[in-house]
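Undergrad: This structure is in structure tokens; I'll ask about it shortly.
There are 4 protein chains.
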Amino acid sequence: MFFVSDNAAPAADAVLSALARANAGLSAPYGKDEATKRVERKLAEVFEREVAVSLVTTGTAANAIALAQLTAPWKAVICHEEAHVMHDECGAPEFFTNGAKLAGASGLDGKITPDGLTALLDRDFWTPPTHVAPAALTISQATEAGTVYTASEVGALADVAKSRGLRVHMDGARFANAVASANVSPAELTWKAGVDILSFGFTKNGAMAAEAIVVFDTALAADLAERRKRSGHLWSKGRYIAAQIEALLADDLWIAFGRRANASADRLARGLEARGLTLAFPRQANEVFVHLPAPVDAALKAAGGVYYTWSSEAVRPERQGRPGDVFARLIASFETTDAEVDGLLGVVDQALVAA
Amino acid sequence: MFFVSDNAAPAADAVLSALARANAGLSAPYGKDEATKRVERKLAEVFEREVAVSLVTTGTAANAIALAQLTAPWKAVICHEEAHVMHDECGAPEFFTNGAKLAGASGLDGKITPDGLTALLDRDFWTPPTHVAPAALTISQATEAGTVYTASEVGALADVAKSRGLRVHMDGARFANAVASANVSPAELTWKAGVDILSFGFTKNGAMAAEAIVVFDTALAADLAERRKRSGHLWSKGRYIAAQIEALLADDLWIAFGRRANASADRLARGLEARGLTLAFPRQANEVFVHLPAPVDAALKAAGGVYYTWSSEAVRPERQGRPGDVFARLIASFETTDAEVDGLLGVVDQALVAA
Amino acid sequence: MFFVSDNAAPAADAVLSALARANAGLSAPYGKDEATKRVERKLAEVFEREVAVSLVTTGTAANAIALAQLTAPWKAVICHEEAHVMHDECGAPEFFTNGAKLAGASGLDGKITPDGLTALLDRDFWTPPTHVAPAALTISQATEAGTVYTASEVGALADVAKSRGLRVHMDGARFANAVASANVSPAELTWKAGVDILSFGFTKNGAMAAEAIVVFDTALAADLAERRKRSGHLWSKGRYIAAQIEALLADDLWIAFGRRANASADRLARGLEARGLTLAFPRQANEVFVHLPAPVDAALKAAGGVYYTWSSEAVRPERQGRPGDVFARLIASFETTDAEVDGLLGVVDQALVAA
Amino acid sequence: MFFVSDNAAPAADAVLSALARANAGLSAPYGKDEATKRVERKLAEVFEREVAVSLVTTGTAANAIALAQLTAPWKAVICHEEAHVMHDECGAPEFFTNGAKLAGASGLDGKITPDGLTALLDRDFWTPPTHVAPAALTISQATEAGTVYTASEVGALADVAKSRGLRVHMDGARFANAVASANVSPAELTWKAGVDILSFGFTKNGAMAAEAIVVFDTALAADLAERRKRSGHLWSKGRYIAAQIEALLADDLWIAFGRRANASADRLARGLEARGLTLAFPRQANEVFVHLPAPVDAALKAAGGVYYTWSSEAVRPERQGRPGDVFARLIASFETTDAEVDGLLGVVDQALVAA
């Protein structure tokens with residue numbers, strides 16, 4: 001009952017096979033290999049347009065490099081106040097941007113709203129050079145609350161951002177789950193809605209370690225190569241990153257994996273709700289946030305359940321837990337099985353009966 | 001009717017005279033001059049203990065260098081969410097700390113409370129290396145809302161900070177006004193209450209441009225000289241900074257100036273309240289925040305009044321303005337006269353009668 | 001005839017097999033997995049002492065993080081003036097150290113000498129805070145000229161460094177080749193000779209992408225976790241880096257690979273010298289630097305030879321090429337075969353006969 | 001006999017008077033005052049063209065901000081290997097540029113030559129993203145060896161720089177001495193010869209603390225305001241910097257001061273040469289570098305002489321001292337009198353007689 005993170009899963013078999021296939025013969029070092037070129041072409045196809053691409057191996061690197069492309073050190077990046085870039089990357093955005101400021105916008109269910117963004121930008125502390133001026137908006141898709149922006153929601157936020165001169169970045173650590181959930185094309189969910197740069201994550205979705213920085217407005221890609229090299233993220237044997245992504249893009253395997261993880265999470269969410277438990281956020285991707293009665297939490301842990309306890313200020317009043325509840329985050333990966341979900345639900349049943 | 005800032009005032013005569021006196025003969029460059037040494041000794045006397053001192057010419061430099069002494073780049077500094085270091089220094093703290101994070105605590109009247117600080121530190125996003133760990137607390141004294149922490153309030157905040165391993169910095173751009181208001185010794189308001197480093201401001205209080213970074217725990221001063229030089233703040237002719245401070249420290253002129261500015265602000269605040277206007281924050285130092293009825297604001301401006309309009313989320317419910325009011329910040333300096341205050345109040349009278 | 005770099009080679013079969021074996025079941029994310037722990041223990045065994053270890057995937061990251069552990073931003077790192085950290089990492093050391101200075105020491109055959117180091121440290125530009133003070137020495141082992149410091153040469157340099165308060169780092173991108181060449185234990189070539197931190201490279205020696213930062217003085221490891229996370233080098237699925245290293249450390253496979261590459265380079269060097277060509281540097285590890293007569297260079301390229309042309313100011317007078325010669329760097333990897341070497345020598349023969 | 005530095009001198013009377021005059025009434029803070037505007041107009045007049053200007057108080061700040069305008073963090077700035085920016089600013093250029101690299105070019109008499117610059121740029125370590133690419137050339141005028149580039153020498157260097165895409169900065173800490181020595185207009189010595197940004201120093205030439213960053217290609221001034229604020233160099237009471245510069249620009253007082261200091265240095269240099277001593281560099285501005293026989297050095301120190309001992313690798317063979325000589329740097333300021341110079345020469349006479 002391992003629901004702690006989608007990155008606790010191994011790599012998909014297709015990825016391992018691809019690595020083995022890639023492991024033959026010599027190849028040009030430092031990202032000039034054929035596999036990398038094929039991935040670049042394939043991503044252009046996936047997004048239905050010319051793109052600039054830079055491959056790295058962690059989401060932190062992808063996000064921090066992407067944001068550094070969009071902001072000067074004396075400017076600010078707006079993000080949700082509970083965003084991964086704000087809290088979970090040990091200040092990587094500040095490091096890569098040489099000290100730009102992250103400014104948090106509040107928003108229920110982990111989502112920034114156009115009104116919230118407008119209100120924040122209307123505050124009187126954005127006039128340079130006394131203040132830092134806002135340079136970019138970054139949104140997580142799926143969000144840290146497991147919710148998903150629709151294409152029109154992305155578009156509405158990007159409209160506000162662009163009307164104020166801000167560029168738009170999307171942290172797509174769980175982009176596959178978002179695409180599968182939103183059920184629109186990758187293009188519609190990104191550049192067609194106004195996104196300038198996407199951190200396209202594969203690590204949580206079947207890769208060993210692979211992320212693509214996808215720049216839609218290729219004029220924004222000018223210093224990408226230098227930033228990657230200078231931060232130590234240019235692999236000499238680039239084919240081994242490319243091979244992973246190639247395997248996952250083939251036949252839309254990445255979307256299939258996203259769909260599968262979402263389905264497991266949906267089964268879990270429905271099961272928990274059917275047993276009277278309250279979800280803190282609507283289940284839209286592969287994460288389930290639930291208020292567990294203490295005896296249920298104890299029973300799950302006794303049965304070997306592994307998951308994070310959580311906290312959030314973005315929970316709607318009607319979705320708050322009761323005193324004593326344990327706020328839990330349960331994540332399903334592409335490998336999570338119905339049996340695992342049902343096993344967990346079975347333990348919940350027993351605990352509820354006993355209580 | 002110039003109430004826009006205490007730094008619009010000229011330097012005090014005593015300061016100019018001191019500069020003229022200092023302007024004779026050769027002197028050792030780069031802070032090794034006799035005037036600087038005298039200031040260092042005098043500050044030790046003022047604070048009743050050994051201190052390490054570094055002289056600079058702007059509050060931004062003093063704050064940013066001081067904070068950089070207290071935090072690693074991958075750590076966080078807690079400040080009030082409307083603090084000067086957060087919003088008004090164009091990211092200088094981020095620049096000097098090489099990208100540490102400023103985390104804002106809310107608090108009415110511009111003041112952080114022990115409970116608010118505790119609650120923030122109890123959030124679950126401070127565990128390294130995923131998260132940045134908190135390294136320091138900085139408080140403004142007087143605050144950006146013109147209020148003043150009592151010595152025991154400083155002590156209570158420092159107690160919380162130190163129990164969590166945080167160091168404490170005080171932004172004393174208006175330290176003179178705070179000391180005059182709190183009516184305790186400089187020692188009691190700082191290191192005796194737990195402050196490790198003070199940015200001791202003179203520029204807003206009669207100097208041309210002079211600020212002292214005063215380090216009470218001298219072990220925290222290790223890299224001060226390098227940070228000052230590397231940021232271009234080591235003057236070759238250091239005597240001209242020292243002379244200003246020396247003139248203001250003599251005979252406690254700085255406290256007299258602080259008291260005088262506070263008194264003018266008090267006269268102004270009482271006058272406004274007597275005329276039925278609402279102060280947004282209690283007047284405790286040399287700043288008055290008031291909700292001006294629109295006709296009053298218009299009349300003041302027509303009469304040549306100069307001041308900033310303001311906004312804040314730290315205003316108590318009972319101190320909110322009415323719709324249409326202009327939220328104004330009026331600052332008195334050591335040079336503000338009763339006649340100027342009364343002149344302003346006279347215009348208010350006329351406007352209220354006309355309305 | 002691919003002699004362009006040891007990182008053009010694929011990963012060793014043993015490494016791929018290890019990745020496949022690692023790809024089973026769930027495992028704790030972010031470097032807390034069992035494979036990482038085993039590697040840490042194994043490295044302690046290899047170096048015959050307690051060590052602190054941090055795993056990353058590029059030599060640039062390993063070097064830059066290691067150097068950042070050893071220097072403040074306002075200090076300097078001494079390296080050979082043609083060192084990889086100086087010229088080939090796009091300023092990564094400056095990025096990770098937040099702007100420390102690299103200062104180049106000259107030295108024939110790519111090696112810094114104790115006298116050269118002493119002379120540089122005796123220059124009059126190291127007194128803080130005007131000047132940056134030297135904080136660390138970094139040496140490459142094997143060097144960028146393909147030469148190898150003996151254990152006593154390392155010790156002599158470290159003695160000078162430590163007598164001046166400098167810490168010592170070793171860039172071991174080709175540490176395996178150096179150990180194989182010097183024929184001493186890893187411990188003797190590092191900490192027993194005074195090295196504080198080693199960048200232990202595996203990528204050029206059979207890994208896909210894996211480097212270990214090995215800290216011998218564990219007190220110097222304090223911020224290692226934060227630096228790795230903050231720079232985006234903490235893998236969520238850490239087992240896949242660990243597995244590579246584990247496979248190469250097993251049964252000293254890494255030394256066997258180093259020895260094999262060295263032997264191929266030796267065969268190549270002897271063959272070239274036997275044909276009258278001049279080596280620019282003595283062949284001591286897996287790199288051969290040779291002055292190719294232009295017709296030989298042309299013939300090799302016509303035959304599909306791939307290698308870098310080079311330049312260096314560290315060539316001894318007696319090892320200079322003749323006008324018109326092409327200065328070539330030829331690198332052998334653990335996969336280079338005698339047949340490949342002999343094939344190249346055959347082309348040289350033909351070219352020399354034709355000339 | 002104080003010849004240690006031109007910044008040991010006090011401020012000129014004209015400067016002090018200007019400060020006193022400026023000290024009346026209120027004035028707009030943060031560089032929006034009238035005095036600053038007048039200086040900006042006056043500098044446009046001095047340089048016979050539109051310029052963008054930013055006033056700061058140290059040469060280190062002026063240089064570091066100017067260089068940061070010209071280079072990305074992953075690029076390099078070429079300077080003379082003994083330049084002030086390289087050695088005497090505690091890494092300020094690296095701090096302000098967020099880690100760009102300074103690369104030193106050699107050159108006799110402290111001057112870079114077009115051939116030397118070309119040779120350095122022809123080295124093979126400038127190709128991004130592996131290497132840092134060169135972004136700017138900075139030259140000191142007068143140089144650290146007290147020599148002066150002629151306008152045509154500046155032009156020749158700028159031609160090389162611009163043909164390779166580099167921008168050109170001039171460190172004019174002693175610009176007045178250079179203009180007085182070269183006897184051409186400020187325009188001819190700067191932008192007409194290809195200089196993009198000048199650090200125009202006043203501190204060593206009669207100011208208390210004042211330097212102007214003068215940007216000739218105003219497109220390069222885009223982020224100047226933010227860099228100054230963020231580094232703590234924006235004074236709230238800007239009139240006090242402007243007043244100093246205004247006083248020195250009036251009636252070309254700055255050039256008169258430069259000429260006077262040069263004349264004193266000339267008198268000193270001729271006197272020393274007439275006594276058989278060897279100058280290490282030709283005397284062209286206000287600095288004299290001389291090899292003092294040890295007894296002369298001892299006699300001078302006994303008589304209260306204060307000056308720095310020096311070292312340089314840029315001394316021509318025919319200008320080297322004899323073993324045992326003390327390499328001394330003697331600086332004349334605008335305040336140095338003939339009597340002081342003759343006093344020093346008198347001590348030399350006595351020492352030579354005694355020897």
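Chains as they are written, first to last, in the UniProt record's numbering: chain Z, 1 to 355; chain C, 1 to 355; chain Y, 1 to 355; chain B, 1 to 355. Glycine included, every Cβ here is placed at the ideal spot set by N, Cα and C.
What does the alpha-carbon distance come out to for the pair A256 (chain Z) and A119 (chain B)?
TA: By one-based count along the first sequence, residue 256 (chain Z) stands at place 256. By one-based count along the fourth sequence, residue 119 (chain B) stands at place 119. In a straight line, the C-alpha of A256 (chain Z) is about 57 Å away from that of A119 (chain B).
Undergrad: Rounded C-beta distance between G238 (chain C) and F200 (chain C)? I'm assuming under 8 Å.
TA: Residue 238 (chain C) sits at position 238 when you count from the first residue of the second sequence. Residue 200 (chain C) sits at position 200 when you count from the first residue of the second sequence. Not confirmed; about 16 Å, so no contact.
Undergrad: Assess, as a yes-or-no matter, whether the region 85-96 of chain Y is touched by the region 235-252 of chain Y under the definition of 3 or more beta carbon pairs within less than 8 Å.
TA: No, because fewer than three Cβ pairs between the region 235-252 of chain Y and the region 85-96 of chain Y fall closer than 8 Å, the two stretches do not touch.
Undergrad: Using 10 angstroms around the beta-carbon of E313 (chain Y), count the other beta-carbons present and answer buried if the total reaches 16, otherwise exposed.
TA: Position 313 of the third sequence, counted from the first residue, corresponds to residue 313 (chain Y). Classification for E313 (chain Y): exposed.
Undergrad: Per DSSP, G201 (chain C) forms a beta bridge with which residues?
TA: Your numbering for residue 201 (chain C) matches position 201 in the second sequence. G201 (chain C) pairs with C:E211.
Undergrad: Under a CB-based cut-off of 9 Å, is M86 (chain C) close to chain B?
TA: The residue you call residue 86 (chain C) lines up with position 86 of the second sequence. M86 (chain C) does not count as touching chain B.
Undergrad: Beta-carbon of S199 (chain C) versus every beta-carbon of chain B: anything under 9 Å?
TA: Counting from 1 along the second sequence, the entry for residue 199 (chain C) is found at position 199. By this cut-off, S199 (chain C) is not an interface position.
Undergrad: What are the residues that DSSP puts in a beta bridge with E45 (chain C)?
TA: Taking the first residue of the second sequence as position 1, residue 45 (chain C) is located at position 45. For E45 (chain C), which the question treats as bridged, DSSP gives no partner whatsoever.
Undergrad: Name, please, each residue of chain Z whose Cβ falls closer than 7 Å to the Cβ of R164 (chain C).
TA: As a first step, residue 164 (chain C) must be located in the second sequence, where it is residue number 164. Chain Z residues near R164 (chain C): none, gap ~18 Å exceeds 7 Å.
Undergrad: List the residues of chain Y that N98 (chain C) touches, going by C-beta distances under 9 Å, in chain order.
TA: Within the second sequence, numbered from 1, the residue matching residue 98 (chain C) stands at position 98. Correct list: P73, N98, G99.
Undergrad: Can E287 (chain Y) and A265 (chain Y) be called in contact, C-beta distance under 9 Å?
TA: Here residue 287 (chain Y) is taken as the residue at index 287 of the third sequence, counted from 1. Here residue 265 (chain Y) is taken as the residue at index 265 of the third sequence, counted from 1. Contact: yes.
Undergrad: If we cut at 9 Å on Cβ distances, does S5 (chain Z) have a partner in chain E?
TA: Protein chains in the displayed structure are Z, C, Y and B, and chain E is not among them.
Undergrad: Would you call the CB atoms of K75 (chain Z) and A136 (chain Z) closer than 9 Å?
TA: If you number the first sequence from 1, residue 75 (chain Z) lands on position 75. If you number the first sequence from 1, residue 136 (chain Z) lands on position 136. Contact: yes.
Undergrad: With a threshold of 8 Å, are at least 3 pairs of Cβ atoms found where one atom belongs to the region 31-43 of chain C and the other to the region 12-19 of chain B?
TA: Flag = no, the region 31-43 of chain C and the region 12-19 of chain B do not touch.
Undergrad: Any chance you could list the alpha helix (DSSP H) runs of at least 4 consecutive residues sitting entirely within the region 102-155 of chain B, in chain order?
TA: Runs found: 114-122.
Undergrad: Mind checking if L102 (chain C) is an interface residue toward chain Z, Cβ cutoff 9 Å exclusive?
TA: Here residue 102 (chain C) corresponds to residue number 102 of the second sequence, with the count starting at 1. Yes - at least one Cβ of chain Z is within 9 Å of the one on L102 (chain C).
Undergrad: Taking all protein chains shown into account, do 16 or more other C-beta atoms lie within 10 angstroms of the C-beta of N183 (chain Y), making it buried, or fewer, making it exposed?
TA: Position 183 of the third sequence holds residue 183 (chain Y). Exposed, by the Cβ-count rule.
Undergrad: Is the CB of T130 (chain Z) under 9 Å away from at least one CB in chain C?
TA: Along the first sequence, one-based indexing puts residue 130 (chain Z) at 130. Judged by the 9 Å Cβ criterion, T130 (chain Z) is in contact with chain C.
Undergrad: Going residue by residue through the region 24-96 of chain Y, where are the continuous alpha helix (DSSP H) segments of at least 4 residues, counting only ones entirely within it?
TA: Correct list: 34-46, 59-70, 84-87, 92-96.
Undergrad: In its own chain, which residues sit with a C-beta less than 7 Å from the C-beta of T336 (chain C), not counting the 5 before and 5 after it?
TA: On the second sequence, position 336 is the one that residue 336 (chain C) refers to. Contacts found: A261, S264.
Undergrad: Along the region 206-235 of chain C, what residues have a CB closer than 8 Å to any CB found in chain B?
TA: Within the region 206-235 of chain C, the residues whose Cβ lies closer than 8 Å to some Cβ of chain B are M208, A209, E226, K229, R230, S231, G232, H233, L234, W235, listed in chain order.
Undergrad: So that I know if they touch, is there some Cβ in chain C lying closer than 9 Å to that of S27 (chain B)?
TA: In the fourth sequence, counting from the first residue as 1, residue 27 (chain B) sits at position 27. Output row for S27 (chain B): interface = yes.
Undergrad: To which residues of the same chain is M208 (chain Z) closer than 7 Å at the C-beta, ignoring the five residues directly before and after it?
TA: Taking the first residue of the first sequence as 1, we reach residue 208 (chain Z) at position 208. Hits under 7 Å: A11, V15, Q244.
Undergrad: Please identify the residue among B:A176, B:G91, B:A269 whose C-alpha is closest to the C-alpha of L292 (chain B).
TA: Within the fourth sequence, the letter at position 292 stands for residue 292 (chain B). Of the listed residues, the one whose Cα sits closest to L292 (chain B) is B:A269.
Undergrad: When the cut-off is 9 Å and only beta carbons count, does S311 (chain Y) lie next to chain B?
TA: Counting from one through the third sequence, the residue named residue 311 (chain Y) turns up at place 311. Closer than 9 Å to some Cβ of chain B, the Cβ of S311 (chain Y) qualifies, so yes.
Undergrad: Note down the Cα distance separating K111 (chain Z) from F175 (chain Z), rounded to an integer number of angstroms.
TA: For the purposes of this step, residue 111 (chain Z) is identified with residue 111 of the first sequence, where counting begins at 1. For the purposes of this step, residue 175 (chain Z) is identified with residue 175 of the first sequence, where counting begins at 1. Going by the C-alpha atoms only, they are around 15 Å apart.
Undergrad: Taking the alpha helix (DSSP H) that G258 (chain C) belongs to, which residues open and close that run?
TA: Within the second sequence, residue 258 (chain C) is the residue found at index 258, counting from 1. 253-274 is the span of the alpha helix (DSSP H), which, as asked, contains G258 (chain C).
Undergrad: When the Cα of L43 (chain Z) is compared with those of Z:V290, Z:G276, Z:L249, Z:F289, which residue comes out closest?
TA: Residue mapping note: residue 43 (chain Z) aligns to position 43 of the first sequence, counting from 1. Answer by Cα proximity: Z:L249.
Undergrad: Going by DSSP, name the residue or residues bridged to G172 (chain Y).
TA: In the third sequence, residue 172 (chain Y) corresponds to position 172, counting from 1. Bridge partners of G172 (chain Y): Y:F200.
Undergrad: Secondary structure at L328 (chain C), three-state DSSP: helix, strand or coil?
TA: Start at 1 with the first residue of the second sequence, and residue 328 (chain C) comes out as number 328. According to the sequence as given, residue 328 (chain C) is Ala; it is not Leu. In this structure, A328 (chain C) counts as strand in the three-state DSSP scheme.
Undergrad: DSSP on V347 (chain Z), reduced to helix/strand/coil?
TA: To locate residue 347 (chain Z), count along the first sequence from 1; it is residue 347. Helix, per DSSP.
Undergrad: With 9 Å as the threshold, decide whether the Cβ of F281 (chain B) is near any Cβ in chain Y.
TA: Taking the first residue of the fourth sequence as position 1, residue 281 (chain B) is located at position 281. By this cut-off, F281 (chain B) is not an interface position.
Undergrad: I'd like the span of the alpha helix (DSSP H) that includes V15 (chain C), first residue to last.
TA: Along the second sequence, read from residue 1 onward, the residue named residue 15 (chain C) stands at position 15. Its alpha helix (DSSP H) spans residues 13-22.
Undergrad: Rounded to a whole number of angstroms, what is the C-alpha to C-alpha distance between A225 (chain C) and K204 (chain Z)?
TA: Against the second sequence, residue 225 (chain C) aligns to sequence position 225. Against the first sequence, residue 204 (chain Z) aligns to sequence position 204. Straight-line Cα distance between these residues: approximately 46 Å.
Undergrad: From the beta carbon of E273 (chain Y), is the nearest beta carbon of chain B less than 9 Å away?
TA: To locate residue 273 (chain Y), count along the third sequence from 1; it is residue 273. For E273 (chain Y), the answer is no, since every Cβ of chain B falls outside 9 Å of its Cβ.
Undergrad: So, for L55 (chain Z): in the same chain, excluding its five sequence neighbours on each side, which residues have a beta-carbon less than 6 Å away from its beta-carbon?
TA: Numbered from its first residue, the first sequence carries residue 55 (chain Z) at position 55. Once the five neighbours on either side are set aside, the close Cβ partners of L55 (chain Z) are A212, I241.
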